[in-house]
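*Asks:*
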Amino acid sequence: MTDPLALETSGLTKVYGHGHTEVVALRDASMRVRRGEVVALLGPSGAGKSTFLLCVGLINPPTRGTVTIGGQLMQDGPRSLGDLRRFRREHIGFVFQKSNLIPFLSAIENVQVVGELIGRPTSVARRRAKELLDALGVGKRAFNMPTQLSGGEQQRVTVARALANQPSLILADEPTAALDSVRGRQVMELFRDVAHRHGTCVIVVTHDHRALDVFDTIYEMEDGLLKPAASPVAEATVAHA
Amino acid sequence: MNLAVRDIRHSLGRFVLTTLGVGMLLMVVMGMGGIYRGLVDDALVVTRGVGADLWVVQRDTRGPFAEVSRLPRSLVDRVAAVPGVTDAREFVFHTIQREHRGKPLRMGVLGLGWPTDKGEGLPLIAGRPLAQNHFEMIADESLGLGLGERLRLGKDTYTVVGLTRWLVASGGDGIACFTSRDAQAIQFDEPGESIRLEREARRARADEIDFGRTQPGVLDRASGPAQNLAALPGPAISAVIARLMPGTDATKVQRSMSGWSDVTTYTGPQQEGLLLKGSVDRARRQILLFRVLLTIISAVIMALIIYTLTLDKLHPIALLKLIGAPTHVIVGLILQQSLIMGLLAYGVGYLIGTRLFPLFPRRVLVTNDDLLRLAGIVLVISVLASLLGIWKAMRVAPNEAIG
Ligand SMILES: Nc1ncnc2c1ncn2[C@@H]1O[C@H](COP(=O)(O)OP(=O)(O)OP(=O)(O)O)[C@@H](O)[C@H]1O
Ligand SMILES: [Mg+2]
């Protein structure tokens, strides 16, 4: 019996606006990702990378195409199947370009809230939040409010939050833009470890070519078209159970 | 972890100020109700204190509190003789305004039916009831008189022997109790000169008619005090109050007096009804309208505040939706803030009110029933106030959290 794919998109197309303001941000994007696979998504600005993540993350409905996560068909064109919010809460972790913390919650509470939303007891959610912050090197700033953190610290808290629900799919949009290269690499490696240890599927949009060796698969996107990269790091691709 | 509380803590200053403001509004709503209760209570305090089963007043008048009612004193004996009546007393009440210590002093003058009634039933807070049938008085503390203070009214000087609290007339003036003789002496006090002139005039009238010339004794009498003059009435009383034998049907006694063409009778409850309908009713409706207005204003202000607090949170709310927070978490965030604000404001209103209202010139009577009812109303307006914010929050799309 074969494992279902962690993620499968087929013919994913997204058109913004209509008439002369029409922008085709995504053209027939198809991607198949196994459990535990770490995917990098490269491409110039405006290529449609963020749009792809929003469709896969069940936030923006695609104009056409399907999104299947863990064998479950979630999105069929603009038609959403099932309770997307519940699915996001339980199975997906997000990190976005700009750090997106809840301003009235401290660093640890920003992470803890995710655990509480999926029904973990407060103490458990809090302990796990502390562990994650420690792992990301921001444990000392756990009780600071977001405005008291540097851009990089905020971003690491966001990463901790994305991991807090032990997601089966992590979607990260330039998570390391605000970090120095050492920290940036650490975050990428953390994603990889999580993926390989828990079978999580990770898709990271990045411009940082120095950390590409961390990834199992690399995709490139240009003008809404998605294709596997003919990349020199292809030998880094390893099969994982 | 409670998101509502966390957010309030984050914008504490604004929340506290708004809560204080709404609290003051609620205090005014509370106070308005209290003023109304105070009006009713003040209006009824005298009638209740007197404890009359039956009021006998001048024919076709509405009793001593609504208008002038004048009755001869002999009516007391007539009423006392009616079957079913255990005792009948004269009731003298009027309002005077005199100078005292260089300031105008307005008071209701209440005559007690000495010696049956010495004022034991009054709400005394200091001193004692009347002990002699002249020149003593029991004053309400709102008149600002002290125990032992002497007060000149008319030709006599009265000593304050007792103090009461919240014994006021329906107009809000403090009431002073005297024996009914003294009360009448105060009411019908006339300057010596006017008495002299009146006697002179009487004498002149008697002189003009044969009777005066043929009966010189009449001229002598005309120069004497009025109460010695058979042709002139004694000073009038305001009403006669009667107590009935236990178990007696007041309407039956009323019916037996209905043949008397000079009086109208009211039972105790009828008298209270007259009082409330007359002087208090319009004030009551006025205050009620104000309360309704203020309640609506509080609700609108709260709704706007909760709405702007929600607008400030739209980004975090979108983010919460993005990470999959269910609707009830987001509704709860806004609703709880509204409820917290409403309840804290209520507490603020209560705390400030209970300290402030006693300093008001007229009584503000806040009853537990009214407090409970207001708490219920606050709950309702808190929920209503949150609806606008909730509606806004529901329309936020999760992708508004990014970009
Ligand atoms: N909400 C929107 N409405 C209209 N057009 C949009 C919207 N979001 C994105 N676009 C357009 O879609 C195209 C792809 O945008 P997208 O944000 O996916 O690019 P990207 O690859 O993430 O770029 P960057 O590297 O700069 O983040 C762009 O041309 C953009 O202008
Ligand atoms: Mg982007």
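Sequence lines, in order, name chains Z and P. 40 is the number that the numbering used here gives to position 40 of the first sequence; each next residue is one higher, with no gaps. 207 is the number that the numbering used here gives to position 207 of the second sequence; each next residue is one higher, with no gaps. The C-beta atom is built at its ideal place from N, Cα and C for all residues, glycine as well. Values in this document were obtained by computation on a predicted structure and should not be read as measured data.
1) Use the C-beta contact count for Z:A234: other C-beta atoms within 10 angstroms, 16 or more gives buried, fewer gives exposed.
2) Contact criterion: CB-CB distance below 8 Å. Does Z:H198 meet it with respect to chain P?
3) Less than 8 Å between CB atoms is the rule here; does P:R319 satisfy it with respect to chain Z?
4) To the nearest angstrom, report how far apart Z:V159 and P:I296 are at their CA atoms.
5) If you follow the beta strand (DSSP E) that P:H100 is in, where does it begin and where does it stop?
6) To the nearest angstrom, how far is it from the Cα of Z:E90 to the Cα of P:M341?
7) Report whether the distance from the Cβ of Z:D173 to the nearest heavy atom of ligand 2 is below 7 Å.
8) Could you compute how far the alpha carbon of P:K277 sits from the alpha carbon of P:F93?
9) Using 8 Å as the Cβ pair cut-off and three pairs as the minimum, do the region 38 to 53 of chain P and the region 234 to 244 of chain P touch?
10) Spatial neighbours of P:Y307 within its chain, please: C-beta separation below 6 Å, excluding the five flanking residues on both sides.
11) What is the C-beta distance between P:G119 and P:L112, in whole angstroms, given that I count them as a contact (C-beta under 8 Å)?
12) Could you please go through the chain and list the residues whose beta-carbon is closer than 5 Å to any non-hydrogen atom of ligand 1?
13) Leaving aside the five residues before and after P:N27 along the sequence, list all residues of the same chain whose C-beta is less than 7 Å from its C-beta, in chain order.
14) Considering only the beta carbon of each residue, do Z:C201 and Z:L226 sit closer than 8 Å?
15) Which one or two residues does DSSP pair with P:C177 in a beta bridge?
16) Identify which residue in Z:V205, Z:T147, Z:S99 has its Cα closest to the Cα of Z:F191.
17) Could you compute how far the alpha carbon of Z:A25 sits from the alpha carbon of Z:L58?
18) Tell me, please, whether the CB atom of P:P123 is closer than 8 Å to any CB atom in chain Z?
19) Between the region 118 to 136 of chain Z and chain P, which residues of the former have CB atoms less than 7 Å from a CB of the latter, in chain order?
20) So P:P64 and P:V57 are supposed to be a Cβ contact under 8 Å. How far apart are they, rounded?
21) Which of the three DSSP states, helix, strand or coil, is assigned to Z:G65?
22) Go ahead and label Z:M74 buried or exposed: buried means 16 or more other beta carbons lie within 10 angstroms of its beta carbon, across all protein chains shown.
23) Is the closest heavy atom of ligand 2 to the C-beta of Z:Q186 under 7 Å?
24) Measuring only from the beta carbon, is Z:Q97 closer than 7 Å to any heavy atom that is part of ligand 2?
25) Could you pull the DSSP bridge partners for P:T164 from this structure?
26) In terms of residue numbering, what span does the beta strand (DSSP E) encompassing Z:A94 cover?
27) Under 8 Å, Cβ to Cβ, is there at least one residue of chain Z near P:L356?
28) Is P:I381 closer than 8 Å to P:M257 when the C-beta atoms are compared?
29) Would you mind working out which of P:D117, P:P115, P:L143, P:D60 sits nearest P:E99, comparing C-alpha positions?
30) Helix, strand or coil: how does DSSP classify P:I241 here?
31) Considering Cα atoms alone, identify which of P:G376, P:G23, P:L44 is closest to P:G172.
32) Closer than 7 Å by beta-carbon distance: list the chain A residues that pair up with P:M1, in chain order.
*Replies:* In terms of the structure at hand:
1) Because the pLDDT of Z:A234 is 46, which lies under 50, any placement of that residue in the model is unreliable, and the question is left without a value.
2) no
3) Note that residue 319 of chain P is Leu in the sequence shown here, rather than Arg. True, the Cβ-Cβ gap to chain Z drops below 8 Å.
4) 47 Å
5) 85 to 100
6) 33 Å
7) yes
8) 20 Å
9) yes
10) L388, G389
11) 5 Å
12) Z:Y16, Z:V23, Z:A25, Z:S45, Z:G46, Z:A47, Z:G48, Z:K49, Z:S50, Z:T51
13) The sequence given here places Met at residue 27 of chain P; Asn does not occur at that position. G349, I352, G353.
14) no
15) P:L110, P:I138
16) Z:V205
17) 16 Å
18) no
19) T122
20) 7 Å
21) strand
22) buried
23) no
24) yes
25) P:L124, P:D140
26) Correcting the residue type first, residue 94 of chain Z is Phe in the shown sequence and not Ala. Z:F94 -> beta strand (DSSP E) spans 92 to 95.
27) no
28) no
29) P:L143
30) strand
31) P:L44
32) The structure shown contains no chain A; its protein chains are Z and P.
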